[in-house]
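Chains as they are written, first to last, in my numbering: chain A, 1474 to 1679; chain B, 1474 to 1679. Don't be surprised by glycine CBs; every beta carbon is placed ideally from N, CA and C. Worksheet: one structure, shown below.
Protein chains: 2
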Amino acid sequence: MTQPLDDADRNERHNARMKKLQAARARLMETKTIERGLIIVHTGPGKGKSTAAMGMACRIIGHGWKVSIIQFIKGAMTTGETAVFNAFPDQAEIRAMGEGFTWDTQDRARDIAKAREAWEAAKARIMDPEWKMVVLDELNIVLRYDYLPLDEVLDVLAAKPADTHIVVTGRNAKPELIEMADLVTEMTQVKHPFKDGVKAQAGVEF
Amino acid sequence: MTQPLDDADRNERHNARMKKLQAARARLMETKTIERGLIIVHTGPGKGKSTAAMGMACRIIGHGWKVSIIQFIKGAMTTGETAVFNAFPDQAEIRAMGEGFTWDTQDRARDIAKAREAWEAAKARIMDPEWKMVVLDELNIVLRYDYLPLDEVLDVLAAKPADTHIVVTGRNAKPELIEMADLVTEMTQVKHPFKDGVKAQAGVEF
């Protein structure tokens, strides 16, 4: 049986380990020198894809830059974050260009026309370097249903200004988009309160 | 060889399928009637855990409620979102109570004292129903290193006011916390630009 470490021993070992970790991390960070606008994808079946994009939009505002959020699927739902972004009218815009979820519209031709309209608006923002970040919210859904040609979207992303960050959200991201992206996070649902009969909560879901 | 569907056919089939989906969803939503404050956990090795919590905090502000963000690990780093939350001084606070990453401090006794201080501040916010949401940012790291007793933390969360939302972030969430939580999302890293030598970007990482 080994002797349990007393607190002083444990602290000392911890501190030595942390010192090594710090040195390793410093060496790693020295190799990270490239600054450029990123193509970021939030996908997967879990929550937090759009919400994390909203959090990034806050950071852009905080740094004094401009961010445009184009919502491809959600309609003119009044979400909590709209009020926050509206407090920075010179730096942020949220444009709800979708008609609601596709199972509410039941009109594919109309969905395609709306997707095209939203994409044209998005393209104008992406190509204007004044906008430091463009969030293409739920664009993955639009691409999944073939409402927009994937090649056309990828061509525009490839031609974006060097410093612009693009954030694409929505489940089922196309493999070609993941291939092109710099940073891809998959959100996985471990546990969801809907299963217990809890309804969507203001401040959490919208 | 089957005849390719023409566009009118494809639209009609899509619309019929969406009509069924809408009806199924409406039936499901009718069973979701419980409103209450949730315990939410963002964990996993991917990005977006704290960022999605910041997005939720924006929603709380947008709805006119109050949110407190307690940072357990990060020090007084000036992140982009601080500027946004500072625009709502009556509704939002960010309290950076940590001393930086634990590999920078190399002082376990001091880390524990700081964790205790942050936790006491967090407890006061959690128990005051005036705060609709309390974000315990990186609390999972603190629990992982045993800087705070897990049982004490779980007892406080179990005793939170009914309407209060708690958001806990950080990788390696304790199984007991996941068990207690209502909503758990795991963020998985699919692709990260660090691998290509790209450094942390203002507006994305901070």
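I'd like to confirm the pairing. Which residues does DSSP put opposite L1609 (chain B) in its beta bridges?
B:I1543 and B:V1641
Report the three-state DSSP secondary structure of W1538 (chain A) (helix, strand or coil).
coil
Measure the alpha-carbon distance for T1661 (chain A) versus A1595 (chain B) and round it to whole angstroms.
27 Å
With A1526 (chain A) and H1536 (chain A) assumed to form a contact (beta carbons below 8 Å), what rounded beta-carbon distance in angstroms separates them?
Their Cβ separation, rounded to whole angstroms, is 16 Å, which puts A1526 (chain A) and H1536 (chain A) out of contact at 8 Å.
Would D1563 (chain A) be called buried (16 or more neighbouring beta carbons within 10 Å of its own) or exposed?
exposed
Can you grab the Cα-Cα spacing for the pair V1640 (chain B) / R1490 (chain A), in whole Å?
Near 30 Å, if we compare the C-alpha coordinates of R1490 (chain A) and V1640 (chain B).
In whole angstroms, what is the alpha-carbon distance linking E1572 (chain B) and G1521 (chain A)?
27 Å
Tell me which residues share the same chain as R1568 (chain A) and place their Cβ nearer than 8 Å to its Cβ, disregarding the 5 neighbours each side in the sequence.
S1541, I1542, I1543, Q1544, A1591 and A1594
What residues of chain B sit near I1513 (chain A), judged by a beta carbon separation below 8 Å?
V1677
For E1554 (chain B), which residues in the same chain have their Cβ closer than 7 Å to its Cβ, ignoring the five residues on either side in sequence?
M1527
Identify, in the order they occur along the chain, each residue of the same chain with its Cβ nearer than 8 Å to the Cβ of V1663 (chain B), setting aside the five sequence neighbours on each side.
G1519
Grab me the residues of A1549 (chain A)'s own chain with a C-beta within less than 6 Å of its C-beta, minus the 5 sequence neighbours each way, in chain order.
Low confidence applies to A1549 (chain A): its pLDDT is 49, below 50, so where it sits in the model is not reliable, and the reading given next is rough at best. So the qualifying residues of the chain are A1569.
Would you tell me roughly how many angstroms separate the C-alpha atoms of H1487 (chain A) and R1581 (chain B), rounded to the nearest one?
Rounded to whole angstroms, H1487 (chain A) and R1581 (chain B) show a C-alpha spacing of 7 Å.
Would you say I1534 (chain B) and A1556 (chain B) are within 8 Å of each other, going by their C-beta atoms?
Result no, Cβ atoms of I1534 (chain B) and A1556 (chain B) do not sit closer than 8 Å.
Quick one: what's got a C-beta closer than 8 Å to N1484 (chain B)'s C-beta in the same chain, skipping five residues either side?
For N1484 (chain B), there are no CB contacts under 8 Å within the same chain when 5 residues up- and downstream are skipped.
Helix, strand or coil: which one does DSSP assign to L1650 (chain A)?
helix
Can you give me the start and stop residues for the beta strand (DSSP E) that A1569 (chain A) sits inside?
A1565 to A1569
So which residues of chain A does M1527 (chain B) contact, with C-beta pairs closer than 9 Å?
T1524, A1525, M1527, G1528, M1529, C1531 and R1532
Please report the residue range of the alpha helix (DSSP H) in which K1520 (chain A) lies.
Looking at the DSSP string, K1520 (chain A) is not in any alpha helix (DSSP H), and its letter there is neither H nor E.
The beta strand (DSSP E) spanning E1590 (chain B) covers which residue range?
Not the beta strand (DSSP E): E1590 (chain B) falls in the alpha helix (DSSP H), residues R1581 to M1600.
Assuming L1716 (chain B) is part of the beta strand (DSSP E), what are its boundary residues?
There is simply no residue 1716 (chain B) to check, as chain B begins at 1474 and stops at 1679 in what is shown.
Just the C-alpha distance for I1546 (chain B) and A1597 (chain A), rounded to the nearest angstrom, thanks.
40 Å
Report the residue from A:P1648, A:Q1495, A:I1599 and A:A1646 whose alpha carbon sits nearest the alpha carbon of A1632 (chain A).
It is A:I1599.
Report all residues from its chain with a CB closer than 7 Å to the CB of A1588 (chain A); omit the five preceding and five following residues, and keep chain order.
F1545, V1615, Y1620 and L1621
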